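Residue numbers for the sequence shown follow UniProt numbering, beginning at 1 and rising by one. Even glycine gets a Cβ: it sits at the ideal position worked out from N, Cα and C. As the structure is a computational prediction, the values presented were derived from the model and not from experiment. Structure record follows, encoded as structure tokens.
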Amino acid sequence: MSAAMDDASNAEGKASETRSEHRFEDERTASQQPGSDKQGLKNIDEDPNVVDWNGPSDVENPMNFSSAVKAINVSLISALTFLTPLASSMLAPGVPLIQAEFNSHSNLLADFVVSVYVLGFALGPLLIAPLSELYGRVVVYHVCNVGFVIFNVACAVSTDMGMLIVFRFFAGCFGSAPVTNGGGTIADLIAPQKRGGVIAIYALGPILGPVIGPVIAGYLVAARGWRWVFWFLAIVSGGFTLISLAFLRETYPPVLLERKTQRSRKAHNNPGLRSKLDKSLTPGQLFARSIIRPTKILFLSPIVLLLSIYMGIVYGYQYLMFSTFSAVFEQQYGFSTQSIGLSFLGIGIGSLIGLFAVGAISDRIVKARAKPSKKNPEGKMQPEFRLPPLFAGAFFIPAGLFMYGWTAQYKEPWIAPEIGTALVGIGNMAVFMVVVTYLVDAFTIYAASALAANTVVRSIMGALLPLAGQKMYASLGVGWGNSLLGFIAVACIPVPWALMKYGERLRTSFDSSRL
């Protein structure tokens, strides 16, 4: 493997290394350099018809939006990214009631009615990412927010298991928009050196949402029934949809620059003006190219493929645990329906610890490594500077799985397996935050597609692995079942070292122009 990596690096040679110096900021950074006139026109290769930003301080450039606008956009996206993953596991405490009402006795189908939502997270990004790159991010957010509300209402009025599964799948498809586009929005607005803290806020959703959902649902289901899970989601998401319609701003640079170009054409009566980021493709060609971009990034970039598989394993483990917590803590500790949601708090508290720990040190590590030194005389920023917290996450996950499995197997005090799940939560958060930030930094203008590729892989694994959870525990027991997961996690421990050693070579050998 090392030789293959070296060959890939040598094939590009000096030209690849030169490109890599500028890849981090990608096309957007190039368009922020000085040299524009007051009309927003900039000569590129003596071409007066190319429209660019009005210098590095152009207020239309999303990087230069006011702090208030940035805060509102990041807060709204983070709230939506919390709400839609919240729905993924919120139904879990109500599954026994659903089975009883619809006269279903299949445990596999019972698990699937929960995990099919995550399967929607796999399909949705395939359309959402290219649509956002073609028409802008904000219109996609609005359409998907409305769709999410509609299909949660449909779930609430379902009359059989089949209807519920289908409507829940589509709710997942529409709900994947903030998870898919959120990282791209942050890349549009926030400079690389400051993204770590912002990503920490954004990362709350996909990690804490599925943890808090069952806690709320445990009491909601006991008081009002399982249908109120969906009424709750529809009401809350409806409120955020209205707020987003009022305050959410477009941030995607190619779309904003194209709008500026259209205004300049009218102002100067010059139909020949074109955006600097215009690829001279028809909408049909651009859409066709954009819709296959996540697939290309996934299979042409070894880093994206490796990180997607790794994150898929972590994500699959998380949802496998979510789908089996109820059975484990009911059988081993006698938890009631109302209190079963509390079994999710261990992994939630661990996730919070991981969030604050990684958020606190991430930007500090980046700033320290980006200072001029012998290895980095020009003090250039590299995405690999984000990787150190991944080392800790790689150890916490298997350690937590072993502790959770064997303490629950021997019915040690309930706090012991909760501590084990907390360790898993710390590791999950470290992996999620590092991977998302790394992909955003490495693929800035294509961040939505890179994250879409990652989301598809992890969502498929998050949907399918839980289906094996109850059978695995029935065959192996809680102890050996979690040990099996732990051994696989141990095999993944070398991933951070491989990325730290070979990441830059692999990243710079990947030519984004092939997308």
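Name the two residues that bound the continuous alpha helix (DSSP H) containing C173. M161 to G175
Find out if the Cβ-Cβ distance for the pair G427, G393 is shorter than 8 Å. yes
Leaving out five residues on either side along the sequence, give the residues of the same chain with a beta carbon under 6 Å from the beta carbon of D111. S323, P466 and L467
Leaving out the 5 sequence neighbours to the left and right, which residues in its chain are closer than 6 Å to F510 when beta-carbon positions are compared? S301
Could you spell out where the alpha helix (DSSP H) holding R265 opens and where it closes? P253 to H268
Would you please state the rounded distance, in angstroms, between the beta carbons of E330 and E504? I believe it to be under 8 Å. 49 Å between Cβ atoms; not a contact.
Measuring CB atoms only, is the region 204-214 touching the region 79-90, in the sense that at least three cross pairs come out at less than 8 Å? yes
Reduced DSSP category for S351 - H, G, I as helix; E, B as strand; rest coil: helix
Looking only at its chain, what residues have a beta carbon closer than 6 Å to the beta carbon of P125, apart from the 5 residues adjacent to it on each side? S176, T180, A452, T455 and V456
How long is the line joining the alpha carbons of V431 and G209, rounded to whole angstroms? 16 Å
Any idea if S67 is buried or exposed, counting beta-carbon neighbours within 10 angstroms, 16 or more meaning buried? exposed
Would you call K276 buried or exposed, if buried means 16 or more other Cβ atoms sit within 10 Å of its Cβ? buried
Mind reading off the beta-carbon distance from V478 to A399? Whole number of angstroms is fine, and I expect it under 8 Å. Incorrect: roughly 16 Å between the Cβ atoms, too far for contact.
Member of V118, N73 and K371 whose CA lies at the smallest distance from the CA of A87: V118
Output the boundary residues of the alpha helix (DSSP H) element that contains K296. R293 to L300
CA-CA distance, A357 and D363? 11 Å
Classify residue 531 as helix, strand or coil using the three-state DSSP reduction. Any question about residue 531 goes unanswered here, given that the chain covers just 1 to 515.
Three-state secondary structure assigned by DSSP to R249: coil
Cα-Cα separation, M216 to S326: Looking at the sequence shown, residue 216 is not Met but Ile. I216 and S326: Cα-Cα distance of roughly 14 Å.
DSSP three-state label for S104, please. coil
For R19, the three-state DSSP class (helix, strand or coil): With a pLDDT of only 32 at R19, under 50, the local geometry of the prediction cannot be trusted, and no value is derived from it.
Under three-state DSSP, which class holds V143? helix
I need the straight-line Cα distance from Y334 to V328, nearest angstrom please. The identity of residue 334 in the sequence shown is Gly, whereas the question assumes Tyr. About 9 Å.
Taking the continuous alpha helix (DSSP H) assigned at V221, which residues delimit it? L204 to R224
Residue range of the alpha helix (DSSP H) that N454 falls in? A447 to L464
Backbone secondary structure at V229 - three-state DSSP: helix
When you compare only the Cα positions, how much space is there between A463 and L233? 20 Å
Start and end residues, alpha helix (DSSP H) containing D441: I415 to F443
Taking only the alpha-carbon atoms, compute the straight-line gap between E133 and A448 and give it to the nearest angstrom. 8 Å
Per DSSP, S275 is paired with what? V51
Taking just the CA atoms, how far does A498 sit from F151? 42 Å
With a threshold of 16 other CB atoms inside 10 Å of the CB of Q193, please say whether the residue is buried or exposed. exposed
In the DSSP assignment, the alpha helix (DSSP H) including I397 goes from what residue to what residue? P388 to Q409
Among N54, K296 and A489, which has the Cα closest to the Cα of residue 519? Here the chain comprises residues numbered 1 to 515, so residue 519 is not present and cannot be evaluated.
I need the boundaries of the alpha helix (DSSP H) containing L499, first residue and last residue. P494 to T508
Short Cβ contact (8 Å threshold) for P93 with G359: no
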